[in-house]
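To convert, take the position in the sequence shown, counting from 1, and add 32; that gives my numbering.
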Amino acid sequence: MRRQNLFIYMLTALVLSAAIISFTMGVSMVRAENAVSDRAATNGAVSGNAVSGQVVSGQVVSGQSVTGGAVTPKNENPRIVTTTFGQIEGKKTSKAYIWLGIPYGQTERWKAPTAPDSWSRTRSCKKTRKGKGDECLFVNVYKPVSKEEKMPVMVFLHGGGNNGGTANRSFSSFVEETGVVVVSVEFRQGAFGWLQSRGLQTGDRMTDSGNFAMLDIKLALEWVQNNIEAFGGDKQNVTLSGFSAGARDALNCVISPAMKGLFHKVISFSGGMTTCSVREGRRWSNQKLAKILVRRGRFSNQKRALKYVKRIGKKKLNKLLYSLSDKEVKRMAGATSLRLTNFPQNFRDGKVIPKAGFDVLEYGGYNRVPMILGCNNSEFANVSYKTLHRILIKNPKTFKNRAQFYRLLKKSKEYGSKLQTSFYLERLANKLSIDPYHEDFYTYRFKWGEDRRVVGSNYARYVGAIHGMDVDFLLGRYKKGEAGTSDSIYTKANLPGRQALTSVMRQYVSNFCHTGNPNGINGQGNVPVQWEKWRRVKGSKRIMTFSATRREAKVNMTSRTIDRAKVKRQMKRKLSKRAYKLFRRRILNDRFFM
33 MRRQNLFIYM LTALVLSAAI ISFTMGVSMV RAENAVSDRA ATNGAVSGNA VSGQVVSGQV
93 VSGQSVTGGA VTPKNENPRI VTTTFGQIEG KKTSKAYIWL GIPYGQTERW KAPTAPDSWS
153 RTRSCKKTRK GKGDECLFVN VYKPVSKEEK MPVMVFLHGG GNNGGTANRS FSSFVEETGV
213 VVVSVEFRQG AFGWLQSRGL QTGDRMTDSG NFAMLDIKLA LEWVQNNIEA FGGDKQNVTL
273 SGFSAGARDA LNCVISPAMK GLFHKVISFS GGMTTCSVRE GRRWSNQKLA KILVRRGRFS
333 NQKRALKYVK RIGKKKLNKL LYSLSDKEVK RMAGATSLRL TNFPQNFRDG KVIPKAGFDV
393 LEYGGYNRVP MILGCNNSEF ANVSYKTLHR ILIKNPKTFK NRAQFYRLLK KSKEYGSKLQ
453 TSFYLERLAN KLSIDPYHED FYTYRFKWGE DRRVVGSNYA RYVGAIHGMD VDFLLGRYKK
513 GEAGTSDSIY TKANLPGRQA LTSVMRQYVS NFCHTGNPNG INGQGNVPVQ WEKWRRVKGS
573 KRIMTFSATR REAKVNMTSR TIDRAKVKRQ MKRKLSKRAY KLFRRRILND RFFM
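Here is the structure:
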């Protein structure tokens, strides 16, 4: 009996102990949950192993979703995002969430970039940041004010001859209307970003390529893959785009084996097939170093300085290069003026860019993706005016009278633009179409500014749809062209047509970013005209034209193409010998599109 009572007593004690332990653990778990919630409310994000909904080792998790990269938990402040390197806070406008100056890498002079250092506190990304020298690896992200997830992403590379320009453009209204997340990339410019020299050879083929800016772009695309889902973007739906030099860089990414898998579509805004040889790059850097040595007073003339630079060994050359100040490096590359002889870039090193250059397009040795190839009707107009005006100032006797100046200005705009715009469109399209297995691609020519009834006769005759005007319309800026004319071309009368054209262009681009087809899937893209893909059939309507009247957009498919050889023959036949000589030697000489 005693044994039975003892057994009952021990059993009762055991049950009570278990109940007390269970109650204590429950209280602890509630306190822990409250602590996590309090920290999340304070910090605006969950980090490390603090998890809402489930326990997952090493992941930042929201609810039941795990995406493997940087993820911002739901029901948090949408301005605060956790990236793989730390937490950032942006700002909200009526049109977009914006994060400015987000670091995606760090650099040492003439080295491949590396990941940025992580940060522990929330980093403010509300103000624009200006790139300078090597300190420039940042992105700006624009996201629609939307709760949608897995939105398409457009990465944008700015123009500026690869020696200027800025990533700090506003994409607010663009993302609002298109439903696309935009990542605008800053990367090294000038000789900071492109420099070939035997004094910089390390044995590492990526670094030895001299294409440091291309390596920056690669790192930025990798950042997108690892972080864009935290901003609501879809890392499996990335469109790489670029304007001018940025478009040429984007096209070099198409042929670069190093960029494989980092993007899924391409939009080229006035970009052509431009590369340089390693030899051209080294010749240029030697000449620039010789000029620097003369400026420093080491040599009395450039000839002797150049002989010294060519003669010294790699170690001394390396020491000379790294003795250059930021100012000296910046001064090496001046304005390119559409001449790669002024600043060689995108070197055919065989690792970052194939030694065969764009010839790889012919046999499929490139990253096959859907593309849009675009340009403006009067690409050369602004350069034409600046060149002729410079000639006029230096030597007024070049022109007999005012009438001759304007006559040559019109012809320069006409012939130069046909050659430049066809370099961006027909030449590239014809090259791509040689590959029998190429992905679908679409082409357009922007023509707003060519109609005298909309912009006035003088502007239409001498200026027109100039370089960059298509991108300005896409972003709703309406500024290109103002500096090239004495009167305003953007009036209240033509505002409805401009706005209508902007909306139509955005719809096509939005469809392309979403689906790879500017018309949308099965023609469900809400577009006024079916945009036909490029075909190798003469006479087929394969180029879209964008323009507008004062009141409405004008979009049409055309079969008219530019025959570059024919343009050159016409120029020689129709111009006087004196004018033709001026064009060949002083206006069109050494331009990369010739």
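The beta carbon of each residue, even a glycine, is placed where N, CA and C say it ideally should be.
Note that this is a predicted model, so its numbers are computed, not measured.
| Check | Outcome |
| --- | --- |
| Taking 7 Å as the limit between beta carbons, can you name the residues of its chain near residue 537, skipping five residues before and five after? | 505, 506, 578 |
| Could you pull the DSSP bridge partners for residue 273 from this structure? | 188, 299 |
| Report the three-state DSSP secondary structure of residue 475 (helix, strand or coil). | strand |
| Compute the Euclidean distance between the alpha carbons of residue 239 and residue 559, then round it to the nearest angstrom. | 45 Å |
| Please classify residue 146: does DSSP put it in a helix, a strand, or coil? | strand |
| Give the C-beta separation of residue 376 and residue 312 to the nearest angstrom, bearing in mind that I take them to be a contact with Cβ-Cβ under 8 Å. | 5 Å |
| Since residue 207 and residue 128 are thought to touch, with beta carbons under 8 Å apart, how far apart are those beta carbons, to the nearest angstrom? | 5 Å |
| Apart from the five residues just before and just after residue 306, which ones in its own chain have a Cβ nearer than 7 Å to its Cβ? | 280, 372, 378, 624 |
| Where does residue 419 fall in DSSP's three states? | helix |
| Could you work out which residue in 370, 244, 398, 274 is closest to residue 193 when comparing CA atoms only? | 370 |
| Go ahead and label residue 381 buried or exposed: buried means 16 or more other beta carbons lie within 10 angstroms of its beta carbon, across all protein chains shown. | buried |
| Around the Cβ of residue 433, are there at least 16 other Cβ atoms within 10 angstroms (buried) or fewer (exposed)? | exposed |
| How is residue 504 classed by DSSP in three states: helix, strand or coil? | helix |
| Do the CB positions of residue 502 and residue 473 come within less than 8 Å of each other? | no |
| Mind checking whether residue 297 and residue 403 have CB atoms under 8 Å apart? | yes |
| Are residue 475 and residue 451 close, meaning C-beta to C-beta below 8 Å? | no |
| Excluding the five sequence neighbours on either side, which residues of its own chain have a C-beta within less than 7 Å of the C-beta of residue 542, listed in chain order? | 210, 211, 212 |
| One question on the structure: do residue 496 and residue 581 come within less than 8 Å of each other, judged by their Cβ atoms? | no |
| Looking at the secondary structure, which residues open and close the alpha helix (DSSP H) in which residue 206 lies? | 204 to 210 |
| Is residue 145 closer than 8 Å to residue 294 when the C-beta atoms are compared? | no |
| With distances taken Cα to Cα, identify the nearest neighbour of residue 272 among 427, 480, 252, 315. | 252 |
| To which residues of the same chain is residue 335 closer than 6 Å at the C-beta, ignoring the five residues directly before and after it? | none |
| At the level of alpha carbons, what is the spacing between residue 359 and residue 318? | 17 Å |
| From residue 61 to residue 119, what distance separates their C-alpha atoms? | Model confidence at residue 61 stands at a pLDDT of 35, short of 50, so the residue's coordinates are unreliable and nothing is read from them. |
| In terms of residues, what are the limits of the alpha helix (DSSP H) holding residue 405? | First-last for residue 405: 403 to 408, but that is the beta strand (DSSP E), not the alpha helix (DSSP H). |
| Does the structure place the stretch 343 to 362 close enough to the stretch 253 to 269 that three or more beta carbon pairs sit under 8 Å? | no |
| Can the beta-carbon of residue 392 be found less than 8 Å from the beta-carbon of residue 299? | no |
| Is it true that the CB of residue 274 sits closer than 8 Å to the CB of residue 203? | no |
| Here's a check: name, in chain order, each residue in its chain whose Cβ is nearer than 8 Å to the Cβ of residue 230, leaving out the five neighbours to either side. | 314, 346, 349 |
| Return yes when the Cβ of residue 361 is within less than 8 Å of the Cβ of residue 241, no when it is not. | no |
| If I follow the unbroken beta strand (DSSP E) through residue 121, where does it start and stop? | 118 to 121 |
| CB-CB under 7 Å to residue 366, same chain, minus the five flanking residues each way: which ones, in chain order? | 374 |
| Between the C-alpha atoms of residue 564 and residue 575, what's the straight-line distance to the nearest angstrom? | 8 Å |
| Find the nearest neighbour of residue 596 within the set 184, 626, 233, judged by alpha-carbon distance. | 626 |
| For residue 308, which of helix, strand or coil comes out of DSSP? | strand |
| Distance, Cα to Cα, residue 591 vs residue 615? | 29 Å |
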